[in-house]
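Residue numbers (the UniProt record's numbering), protein chains in the order written: chain A, 1 to 259; chain B, 1 to 259. Ideal placement from N, C-alpha and C gives every residue a C-beta, glycine not left out. Just so we're clear, the structure is a prediction, and the values are computed from it rather than from any experiment. Everything below concerns the one structure shown next.
2 protein chains.
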Amino acid sequence: MGEQPDYFVKSAEKTLAVLLAFNAAHKSLTVTEVAGAIGVSRAAARRFLLTLVDLGYLEVEGSAYRQTPRVLDIGASYLAGLTLPQVARPHLQALANRLSETTSLCVLDDQDILYVERISNPRLHSMTVSIGNRLPAWATSMGRVLVAELPEAAREEFLNNAKLQHYTAKTVSSIDELRAELDTVREQGWSLVAQELDEGLRGLAVPVYRGAQLLGALNVSVQPGRIGSASITDEMLPLMRQAAIDIADDFGGRTAEQN
Amino acid sequence: MGEQPDYFVKSAEKTLAVLLAFNAAHKSLTVTEVAGAIGVSRAAARRFLLTLVDLGYLEVEGSAYRQTPRVLDIGASYLAGLTLPQVARPHLQALANRLSETTSLCVLDDQDILYVERISNPRLHSMTVSIGNRLPAWATSMGRVLVAELPEAAREEFLNNAKLQHYTAKTVSSIDELRAELDTVREQGWSLVAQELDEGLRGLAVPVYRGAQLLGALNVSVQPGRIGSASITDEMLPLMRQAAIDIADDFGGRTAEQN
DNA sequence: GACTATATGTGCGCATTGCGTACTGTTGTA
DNA sequence: TACAACAGTACGCAATGCGCACATATAGTC
């Protein structure tokens, strides 16, 4: 591995590697740490760090480098360009209000689902995910909807690369089990995942389709100690399907205008 | 201008420039457009674009390049590293619920405020800002709080660089007027901005202090057609100040443990 | 169909860029 | 005082990344 095509700009990869070296566990890093993390000499790491300070993406305090809020700009340009979250927001809000639960909208990126919009109910202290966060697709209701709707080949590739983990006692434990579940999800057009990622966490998701194009998945996370599975689907599913249709319709209108 | 220090990694700047060339007005770009936008030859732009496709940050369709959700990772690593939004969330939720309004938390970056957490009330179809979004600091309640608390020199530098705009009839129209307003804000410890950025939009903000360190600003946006200014401050201010204190306390506890 | 105009894809030679090594200085520890 | 581990800096060399130039493709115009 490691054979790069001849158009490859190595510095681009390194630049992003430097920015991504910072995370929750490593909020602040030294030159030596960064050099170790991305596999270059201290001198090289230092050049990148100082450059990024100069550009305003990092700040130094003594020998400790840390990210500045400016790094958010890169992702913000993506979110601003997406019509989907903007269009979806009022519908997610209405749904969250009607059901008194938290609603989310996700897209698929490789093996993960990625939150692009989320309305959390102020009355509940719900799980701490925010826009841009990733969760493993195979273990979530939205992920299963998105993967189930994938073309056969892509779905199999997903399954081949899936790294199952045993989060709770209820977590799906084999690829075959997961494949069967995906078939069910595809047939019924929704997915209910109960306590597979976290105890006391249930999520119901439906796809958001615009014609033949899959825009994303819509989710309602159901509070623990609430109604049982049967009434969840009976009560919530029609509302969610309608919301998905409304979002798709609005999206169609909005994107037709602007290119 | 343009004189760069000798440690400067030019490719890093170009890499980020390529990613930032995409925005709401330019969701998808061609090689030539990118080359023009960042000022390099087509061949160079193409190398960067193909590299970023290879790394998964962009995707091509014919000759149209667009961002993938992966660009959110860069900002997500910043948000994950910040303790403040996580700590603040439950307090913002409680406050939003109590007041039936939308609450936000911002930090200052140069001339802008930057949303790092936001709880929007599902019952209201509020203004479309999300985490990572920027607004001009001088025209917002949170911005005025954050700038007012800056040291004298930094505050004056902010004022020197401020580019005032006439958003509405009520917008502050001169630097001197703004300076006087900032003095008032600093004295009273809160800022109320009514309809200066947008008609029918009022925001009340207080600073979040931990000892002498300014962590950010907390805001409640007040619905149009609600109570008058006097009762806004009477009713809301005590709750907001308490929330700010609670956040700072929690923050102190959380950061003391880890590093 | 011929002629422009404007786009993308590609090969190549050369200068710049960015590389690591090696050195110095500083701090903290045994 | 010796030693280890860190940050900063200088420098020479090679790889990297540059733009030019040419081939090719797709429209629009007459």
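A direct Cα-to-Cα measurement between F158(B) and V206(A) gives close to 48 Å. Boundaries of the beta strand (DSSP E) around G216(A): Q213 to V222. Interface criterion met: the Cβ of S77(B) is under 8 Å from a Cβ in chain A. At a cut-off of 8 Å between C-beta atoms, T32(A) does not count as an interface residue with respect to chain B. C-alpha of V116(A) to C-alpha of V107(A): approximately 7 Å in a straight line.
The stretch 138-148 of chain A makes contact with the stretch 216-224 of chain A; the number of CB pairs closer than 8 Å reaches 3 or more. A Cβ-Cβ contact shorter than 8 Å links A148(B) with R186(B).
The Cβ atoms of D112(A) and L95(A) do not sit closer than 8 Å to each other. Between the alpha carbons of D176(B) and L72(A) lies a distance of about 32 Å.
The C-beta of G203(B) has 16 or more other C-beta atoms within 10 Å across all chains shown, which makes the residue buried. When A194(B), R241(B) and L20(B) are compared, the shortest CA-CA separation from I74(B) is found for L20(B).
Scanning its chain for C-beta atoms nearer than 8 Å, with the 5 sequence neighbours on each side dropped, one finds around L239(A) the residues L95, R98 and L99, in chain order.
For N23(A), at least one C-beta of chain B is nearer than 8 Å to its own C-beta. Within the stretch 85-99 of chain B, those residues whose Cβ lies closer than 9 Å to any Cβ of chain A are, in chain order, P85, Q86, R89, P90, L92, Q93, A94, L95, A96, N97 and R98. Within the stretch 160-209 of chain A, the complete beta strand (DSSP E) runs of at least 3 residues fall at 191-194. The beta-carbon of K27(B) is placed less than 8 Å from the nearest beta-carbon of chain A. A straight line joining the alpha-carbon of A162(B) with that of R70(A) spans about 18 Å. Inter-segment contact for the stretch 39-55 of chain B and the stretch 29-38 of chain A is absent: fewer than three beta-carbon pairs are separated by less than 8 Å. Listed along the chain, the chain B residues whose CB falls inside 7 Å of the CB of N133(A) are A76. Taking each of W138(A), S120(A), A88(A) and Q223(A) in turn and checking the Cα distance to D250(A), the smallest one comes out for A88(A).
Between I119(A) and Q93(A), the C-beta spacing is below 8 Å. For F251(A), no chain B residue has a Cβ inside 7 Å of its Cβ, as the nearest lies near 14 Å away. Residues of the same chain with a CB within less than 8 Å of the CB of R155(B), apart from the 5 flanking positions on each side, are V147, A148 and L182 in chain order. Rounded to whole angstroms, S173(B) and A153(B) show a C-alpha spacing of 22 Å. Looking at Q223(B), R210(B) and I232(B), the one whose alpha-carbon comes closest to that of A248(B) is R210(B). For S130(A), a Cβ of chain B is located within less than 8 Å of the residue's own Cβ. Taking all protein chains shown into account, Q242(B) has fewer than 16 neighbouring C-beta atoms within 10 Å of its C-beta and is therefore exposed. With its beta carbon less than 8 Å from one in chain B, L52(A) belongs to the interface.
In this structure, the CA atom of P5(A) is about 10 Å from the CA atom of L50(B). Straight through space, the alpha carbons of L114(B) and Q86(A) are spaced by roughly 18 Å.
Chain-order list of chain A residues neighbouring T140(B): empty, with the shortest C-beta distance near 15 Å, by a criterion of under 8 Å.
Comparing C-alpha distances from A45(B) to each of Y57(B), L52(B) and V31(B) shows the shortest one belongs to V31(B). Unbroken alpha helix (DSSP H) stretches of 4 residues or longer found wholly inside the UniProt domain "HTH iclR-type" (9-82) of chain B: 10-21, 31-38, 42-55 and 72-81, given in chain order.
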